[in-house]
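Structure record follows, encoded as structure tokens.
There are 2 protein chains.
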Amino acid sequence: MEPHQHPVDPERVDHARSRGLSGEDAGRLVSLLSLLADPVRARILYALDEVEELCVGDLALALGATEDSVGYALRLLRTAGLVATRKAGRVVFYRLGPGFPAPLREHCLRQLVAMTRAEPDDD
Amino acid sequence: MEPHQHPVDPERVDHARSRGLSGEDAGRLVSLLSLLADPVRARILYALDEVEELCVGDLALALGATEDSVGYALRLLRTAGLVATRKAGRVVFYRLGPGFPAPLREHCLRQLVAMTRAEPDDD
DNA sequence: TTGACATCCGTGCGGTTACACGGTAAACAA
DNA sequence: TTGTTTACCGTGTAACCGCACGGATGTCAA
Chain L
1 MEPHQHPVDP ERVDHARSRG LSGEDAGRLV SLLSLLADPV RARILYALDE
51 VEELCVGDLA LALGATEDSV GYALRLLRTA GLVATRKAGR VVFYRLGPGF
101 PAPLREHCLR QLVAMTRAEP DDD
Chain A
1 MEPHQHPVDP ERVDHARSRG LSGEDAGRLV SLLSLLADPV RARILYALDE
51 VEELCVGDLA LALGATEDSV GYALRLLRTA GLVATRKAGR VVFYRLGPGF
101 PAPLREHCLR QLVAMTRAEP DDD
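Sequences listed follow chains L and A, in order. Residues 1 to 123 (the working numbering) make up the first sequence, in order. Residues 1 to 123 (the working numbering) make up the second sequence, in order.
Structure, rendered in structure tokens:
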């Protein structure tokens, strides 16, 4: 269904079009948020922000999840560059990588959690 | 596959378990991020943050999307309480609702966009 | 070397999700 | 009233996603 050609408020439409999110910006934003929008991945990143580095098995232990689950989550986070690895023998330690946005770590992550705590009507 | 019972770094595991994200907190956070992690929904919220209020047709016009697409997106945002409506005749105006977290609007939204702009290696 | 362990990789399945289509309700115009 | 417009709703479908499974790789101990 195509949008109508007779805007109700042409001024605001124009304003929204010029100052709004472009498709490319939205794409980049969404690809980052999609990675955060998963319980296992979000808890992994939050844990790594707390304790610097952890290996796969310990991470699974800390979250109470299976190693398969965190293994798959780390696979995606690693591909996106959000986490970095350090091999020590047969153990692989993970930490937040250089691709992890610093502002997110400093400002947003905890605020996001705090705001969801303050709104218990969510689900 | 079950996680091993012999933590490599028991101290950090314990620290991550106590200060990490609980399952409930992660669930609330994820349900919010999942709503933001969509191009149409993200652009709608961003546009409403810019121009106060817009009707469905004008929103579709501003985003260059179909009315069906934005209609479906608004359905989910409305159910979650992130947007509110105001009826004026046969036109329905949408604006950011009381369920929309204020810290997200003030601090995080633009920072999230800015940080994705600063990292062009994303996708 | 042999065996146990920690992790990675490819594949298939089940559940979820975005979206288009058709029909419906309400409001305005003629 | 009739017709047009604006938006909502329910349903079906196609694509995506998380995850478990099996096998492979590399490492340490005996």
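Think of the CB as a built atom: it goes at the ideal place given N, C-alpha and C, for glycine as much as any other residue. Please read all numbers here as calculations on a predicted model, not as lab measurements.
Closest by C-alpha distance to residue i, when choosing among the options
i	options	result
Ile44(A)	Pro7(A), Gly89(A) and Val70(A)	Val70(A)
Ala73(A)	Ala65(A), Val40(A) and Pro7(A)	Val40(A)
Val92(A)	Pro103(A), Leu104(A), Gly99(A) and Arg78(A)	Arg78(A)
Phe100(L)	Leu35(L), Val13(L), Lys87(L) and Gly89(L)	Leu35(L)
Leu54(A)	Gly97(A), Gly23(A), Arg12(A) and Gln111(A)	Gly97(A)
Val83(L)	Arg90(L), Asp14(L) and Ala102(L)	Ala102(L)
Glu11(A)	Ala114(L), Glu52(L) and Arg110(L)	Glu52(L)
Ala80(A)	Gln5(A), Arg17(A), Ser31(A) and Val13(A)	Ser31(A)
Glu106(A)	Asp25(A), Arg19(A), Asp49(A) and Arg95(A)	Asp49(A)
Chain L contact for residue i (CB, 7 Å cutoff)
i	result
Asp50(A)	It is Glu, not Asp, that sits at residue 50(A) in the sequence shown. By this cut-off, Glu50(A) is an interface position.
Asp123(A)	With a pLDDT of 44 at Asp123(A), under the threshold of 50, the modelled position of this residue cannot be trusted; read the value that follows with caution. Closer than 7 Å: yes.
Val30(A)	yes
Ser34(A)	yes
Arg90(A)	no
Neighbourhood of residue i by C-beta, 7 Å cutoff - its chain only, sequence neighbours within 5 removed
i	result
Gly57(L)	Glu67
Val13(A)	Pro7
Own chain residues within Cβ distance below 6 Å of residue i, not counting five before or after
i	result
Leu63(L)	Arg43
Interface flag, residue i vs chain A, CB-CB below 7 Å
i	result
Ala84(L)	no
Tyr46(L)	yes
Arg95(L)	no
Arg105(L)	no
Leu77(L)	no
Pro7(L)	yes
Arg110(L)	no
Arg12(L)	yes
Arg17(L)	yes
According to DSSP, residues forming a beta bridge with residue i
i	result
Phe93(L)	Cys55(L) and Arg86(L)
Residues of its chain near residue i, where Cβ-Cβ distance is below 8 Å and the 5 sequence neighbours each way are ignored
i	result
Leu29(L)	Leu21
Ala135(A)	Absent from the structure is residue 135(A), since the part of chain A shown begins at 1 and ends at 123.
Residue i CB to nearest heavy atom of the ligand HEM below 6 Å
i	result
Arg78(A)	Although the ligand HEM was asked about, the structure shown includes no ligands whatsoever.
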